[in-house]
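Peer 1:
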């Protein structure tokens, strides 16, 4: 191991002292060193700039410098180098002064020896290394150290105190504690003084947060840690401590709190919107139902046209309210979009029918134009496109007092079966100030509060528009000038008719590949069991049913499945508990079987709860066919284990055939008339009336049923079997069985709800409402759905308990009437 090599700078003007120094170095025990000697301070100060130097040996009496100022000059220029001062015999006080100002040590020339010289050099270099390490650590910790002499009140500061807190550095590195206190924020001075006084009396260590106001007025957040040192008699003689800059940490903590507050505020906002939307939907449902009934009566052409407009407006409002009801889903990008064939001309005709009366009242011209390059038929989501167009055109009319509103659709590009369409909505209205253009798409933002009071509006419309465009891969922009008008433009990509045919052919291929796959349905609702069994059997899937989580686990102990569809709310053991047991307690491969949750939960966050329990995905009730199919294909393709040649042990399935490697696409559900909407939450409730002044699919279906059942003259007030027909493939046998099952099981459930109400068992009542909600969704009894949601909400939050009797009574009345309607359909 090689010995360390030292470079020593000796600044000494007397040759005899230089000779003695060399002789003492030979006896010092330092075997490997290089001596650089200079006679004057000016010459000595050049050496560290040209050569590496480990230590400076400094005589204070030089031809060009004398006394303490000699040390000040060399230390000021090279504060990082250790300096040992060489003094005469009577200059010990001068040596001590240098040490206090930063010298590592001092030696008297008269007492010098090889041993003392070697020890001084070694200690000086070692202490300097330790000091450098301490300084580096303090730099990393943003911390400085200091000491206060309690008798003289003098304060010594580390280099980091100067670096961090802008102290004015004195020549002798000496300060008073009053200088420290001058930097302490006036509001914190008493707090700091109190802690120091308590430590002075007790000798205990203390910690106090306070603020520094630096000379440049910057405010720093710091933590002072210190303790008082006492002598043998118990007298306090020194206060030693550190001051750490924690400004960044405090700022991050404040940012975290602000973020948490913003999240809580957003949650409260969403809850408010949800509750408000529920209140809007409650009176809206009877409006739509009564409008349907009136449309079936004898009407004049003018009356029918007016009712068609009311119905169309009501359905549009319902679609918008549904978006607001789950605004968090839109913002999180979880909203579902459908792809099916639609006519852009019909979308524009519908927008004209809806909004032209408003424009006419204000004396405005409403001009809608579709460029010849845009095909008559596009593949996309016409419901969402309609929402966007109605919002932008409605805003343009609202904020325009004279002139016109123009709407244009034109082709931007066409490639690989995809068509880019640009939409522009321009007006000659009041325009938007430049400072509002950056925030116009943010929630609850209006151009002007006074204008908004006059014209109405929540400020949510453009937020929803932006999200709907963005989530479909498009972009939206606005150009505007006050008093000259605005132009809102957005681009969306649509598919062609060929794309749909290709997807349908691919789906048929994949549908064959599901033939023979074995699934376990864990569901306690008999009606859900019946309909789901029919749905899956059409795809060639072999299905077994368990009525609760405990029964499902027992089945899994006997055999395996390709996939599990798991309801979340069931008696004995719910879906969450069953999933956790399967994931944690069962052996591979059964612990890894894909599990898809079936949930009708009305509360946000249910998807996160499913995933936390160990489920792979979830499908909302009532089940939307395309969504369920795509999820089954997706997860069954991931699951199959390697085939084994041995026979199954104890009846447990050990192998499955992998599905073809084609990319699965959800089935495309065709609609003869009307805008198609297939969101996972409730596909039937968000379907809009088709335009051109015709009644919606709901009314058309009722009329068809009445033609088939002319002898059954009772009007349809509550029941809509469109959804049941769609998922059963119009199988009359299944529809009849579903109705019979509903009529057989529902009376007992309604009776249970009454008993639970009388027993004040809100939790059980909420579960019964949840169970009934799935059943009424199959029967299309929309009038009671919101009531059941409210019962669930009250059971979960215990807010509005006094409303429960009224809600339960309404449920029993409406479902009772609906059951009478269903009996007429058998």
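In the numbering used here, the protein residues as written are 310 to 1135.
Heads up, the beta-carbon is just placed ideally off N, CA and C, and yes, glycines get one too.
State the Cα-Cα distance for the pair residue 623 and residue 630, rounded to the nearest angstrom.
Peer 2: Residue mapping note: residue 623 aligns to position 314 of the chain shown, counting from 1. Residue mapping note: residue 630 aligns to position 321 of the chain shown, counting from 1. Roughly 10 Å between the two C-alpha positions.
Peer 1: Could you give the residue range of the beta strand (DSSP E) that holds residue 888?
Peer 2: The count along the chain shown starts at 1 and reaches residue 888 at position 579. Taken as a continuous stretch (DSSP letters only), residue 888 belongs to no beta strand (DSSP E), being part of the alpha helix (DSSP H) at 884-894.
Peer 1: Measuring only between beta-carbons, confirm whether residue 484 sits less than 8 Å from chain C.
Peer 2: Looking for chain C here will not work: only one protein chain is present.
Peer 1: Once you ignore the five residues that flank residue 1072 on each side, which residues in its own chain have a CB closer than 7 Å to its CB?
Peer 2: Along the chain shown, read from residue 1 onward, the residue named residue 1072 stands at position 763. The residues are 1104.
Peer 1: Which ranges would you report for the beta strand (DSSP E) in the segment 682-734 if only whole runs of at least 3 residues count?
Peer 2: Runs of the beta strand (DSSP E) inside the segment 682-734: 686-689, 713-724.
Peer 1: Taking C-alpha atoms, which residue in 671, 499, 1058, 497 lies nearest to residue 711?
Peer 2: As a first step, residue 711 must be located in the chain shown, where it is residue number 402. The shortest C-alpha separation from residue 711 is found at 671.
Peer 1: Between which residues of its own chain and residue 795 is the CB-CB distance below 8 Å, once the five residues before and five after are set aside?
Peer 2: Translated into positions along the chain shown, residue 795 becomes position 486. These residues qualify, in order along the chain: 705, 708, 735, 736, 738, 740, 741, 787, 788, 789.
Peer 1: Report the rounded CA-to-CA distance for residue 516 versus residue 534, giving the unit in angstroms.
Peer 2: Walking along the chain shown from the start, residue 516 turns up at place 207. Walking along the chain shown from the start, residue 534 turns up at place 225. Computed Cα separation, rounded: 4 Å.
Peer 1: Measuring alpha carbon to alpha carbon, tell me which of 372, 390, 333 ends up nearest residue 358.
Peer 2: Sequence index remark: in the chain shown, residue 358 carries index 49 (1-based). The option with the nearest alpha carbon to residue 358 is 390.
Peer 1: When you compare each of 505, 477, 504 to residue 492 by their alpha carbons, which one comes out closest?
Peer 2: Taking the first residue of the chain shown as position 1, residue 492 is located at position 183. The candidate whose alpha carbon is nearest that of residue 492 is 477.
Peer 1: Can you look up residue 389 in the DSSP assignment and give me helix, strand or coil?
Peer 2: Here residue 389 is taken as the residue at index 80 of the chain shown, counted from 1. Coil at residue 389, not helix or strand.
Peer 1: Out of 844, 867, 827, 876, point me to the one whose CA is closest to residue 852's CA.
Peer 2: Taking the chain shown and counting its residues from 1, the one referred to as residue 852 is at position 543. Closest option to residue 852, Cα to Cα, is 827.
Peer 1: Can you list, in chain order, the stretches of the alpha helix (DSSP H) that have 4 or more residues and sit fully within the segment 828-891?
Peer 2: DSSP runs (the alpha helix (DSSP H)) wholly in the segment 828-891: 835-846, 858-867.
Peer 1: Apart from the five residues on each side of it in sequence, which residues of its chain come closer than 6 Å, Cβ to Cβ, to residue 314?
Peer 2: Working through the chain shown from its first residue, we reach residue 314 at position 5. Excluding positions up to five away in sequence, the list reads 341.
Peer 1: Looking at C-alpha atoms only, which residue of 412, 387, 410, 417 is the closest neighbour of residue 401?
Peer 2: On the chain shown, position 92 is the one that residue 401 refers to. Here the closest residue by C-alpha is 417.
Peer 1: Count the other CB atoms, across all protein chains shown, that sit within 10 Å of the CB of residue 609; report buried if there are 16 or more and exposed otherwise.
Peer 2: The count along the chain shown starts at 1 and reaches residue 609 at position 300. Exposed: under 16 other Cβ atoms inside 10 Å.
Peer 1: Pairs of beta-carbons, one from the segment 430-440 and one from the segment 371-380, closer than 8 Å: are there three or more?
Peer 2: Because the criterion of three Cβ pairs below 8 Å is not met, the segment 430-440 and the segment 371-380 do not touch.
Peer 1: In whole angstroms, what is the alpha-carbon distance linking residue 363 and residue 387?
Peer 2: What you label residue 363 is simply residue 54 of the chain shown in a count that begins at 1. What you label residue 387 is simply residue 78 of the chain shown in a count that begins at 1. Approximately 11 Å, taken between the alpha carbons.
Peer 1: So residue 924 and residue 905 are in contact, right, with Cβ under 8 Å, and what is the actual spacing, rounded?
Peer 2: Residue 924 sits at position 615 when you count from the first residue of the chain shown. Residue 905 sits at position 596 when you count from the first residue of the chain shown. About 7 Å separates the two Cβ atoms, so the contact holds.
Peer 1: With distances taken between CB atoms, is the gap from residue 692 to residue 730 smaller than 8 Å?
Peer 2: Walking along the chain shown from the start, residue 692 turns up at place 383. Walking along the chain shown from the start, residue 730 turns up at place 421. No, the Cβ-Cβ distance between residue 692 and residue 730 is not below 8 Å.
Peer 1: For residue 876 versus residue 831, is the C-beta distance shorter than 8 Å?
Peer 2: On the chain shown, position 567 is the one that residue 876 refers to. On the chain shown, position 522 is the one that residue 831 refers to. Taking 8 Å as the Cβ cut-off, residue 876 and residue 831 qualify as a contacting pair.
Peer 1: Quick check: the segment 893-903 against the segment 860-871, are at least 3 beta-carbon pairs closer than 8 Å?
Peer 2: Contact between the segment 860-871 and the segment 893-903 is present, because at least three Cβ pairs lie under 8 Å.
Peer 1: How far does the beta strand (DSSP E) with residue 453 in it extend, from its first residue to its last?
Peer 2: If you number the chain shown from 1, residue 453 lands on position 144. Unbroken beta strand (DSSP E) run through residue 453: 452-458.
Peer 1: Going by DSSP, what residue range makes up the alpha helix (DSSP H) through residue 317?
Peer 2: Position 8 of the chain shown holds residue 317. Careful: residue 317 lies outside any alpha helix (DSSP H), inside the beta strand (DSSP E) at 315-320.
Peer 1: With 16 as the cutoff for other CB atoms within 10 Å, does residue 727 come out buried or exposed?
Peer 2: Along the chain shown, read from residue 1 onward, the residue named residue 727 stands at position 418. Answer is exposed; the Cβ neighbour count stays below 16.
Peer 1: What are the start and end residues of the beta strand (DSSP E) that includes residue 533?
Peer 2: Position 224 of the chain shown, counted from the first residue, corresponds to residue 533. Element bounds for residue 533: 528-539.
Peer 1: Less than 6 Å between C-beta atoms, sequence neighbours within five positions excluded: which residues of the same chain meet that for residue 347?
Peer 2: Counting from one through the chain shown, the residue named residue 347 turns up at place 38. These residues qualify, in order along the chain: 320, 353.
Peer 1: Report yes or no: do three or more beta-carbon pairs, one from the segment 1057-1068 and one from the segment 1106-1126, lie closer than 8 Å?
Peer 2: Judged by Cβ distances under 8 Å, the segment 1057-1068 makes contact with the segment 1106-1126, as three or more pairs qualify.
Peer 1: Hey, how far is the Cα of residue 327 from the Cα of residue 419?
Peer 2: If you number the chain shown from 1, residue 327 lands on position 18. If you number the chain shown from 1, residue 419 lands on position 110. One C-alpha to the other measures close to 14 Å.
Peer 1: Quick check on the DSSP output: what are the complete alpha helix (DSSP H) runs of length 4 or more inside the segment 326-377, in order along the chain?
Peer 2: Correct list: 350-353, 356-359.
Peer 1: Between the beta-carbon of residue 657 and the beta-carbon of residue 673, is there less than 8 Å?
Peer 2: Residue 657 sits at position 348 when you count from the first residue of the chain shown. Residue 673 sits at position 364 when you count from the first residue of the chain shown. In this structure, residue 673 does not lie closer than 8 Å to residue 657 by Cβ.
Peer 1: Pull up the distance between the alpha-carbon of residue 564 and that of residue 495, whole angstroms please.
Peer 2: Within the chain shown, the letter at position 255 stands for residue 564. Within the chain shown, the letter at position 186 stands for residue 495. If I take the Cα positions, the gap works out to 25 Å.
Peer 1: Terminal residues of the continuous alpha helix (DSSP H) containing residue 464?
Peer 2: Here residue 464 corresponds to residue number 155 of the chain shown, with the count starting at 1. Counting along the chain, residue 464 falls outside any alpha helix (DSSP H), though it belongs to the beta strand (DSSP E) covering 463-466.
Peer 1: Considering only the alpha carbon of each residue, which of 850, 456, 557 lies closest to residue 546?
Peer 2: For the purposes of this step, residue 546 is taken as the residue at position 237 of the chain shown. Of the candidates 850, 456, 557, the one whose C-alpha sits nearest the C-alpha of residue 546 is 456.
Peer 1: With a 10 Å radius around its C-beta and 16 neighbouring C-beta atoms as the bar for buried, classify residue 1097 as buried or exposed.
Peer 2: Within the chain shown, numbered from 1, the residue matching residue 1097 stands at position 788. Buried is the call here.
Peer 1: Take residue 717 and list the residues in its own chain whose beta-carbon comes closer than 6 Å to its own, dropping the five residues that flank it on each side.
Peer 2: The residue you call residue 717 lines up with position 408 of the chain shown. So the qualifying residues of the chain are 678, 733.
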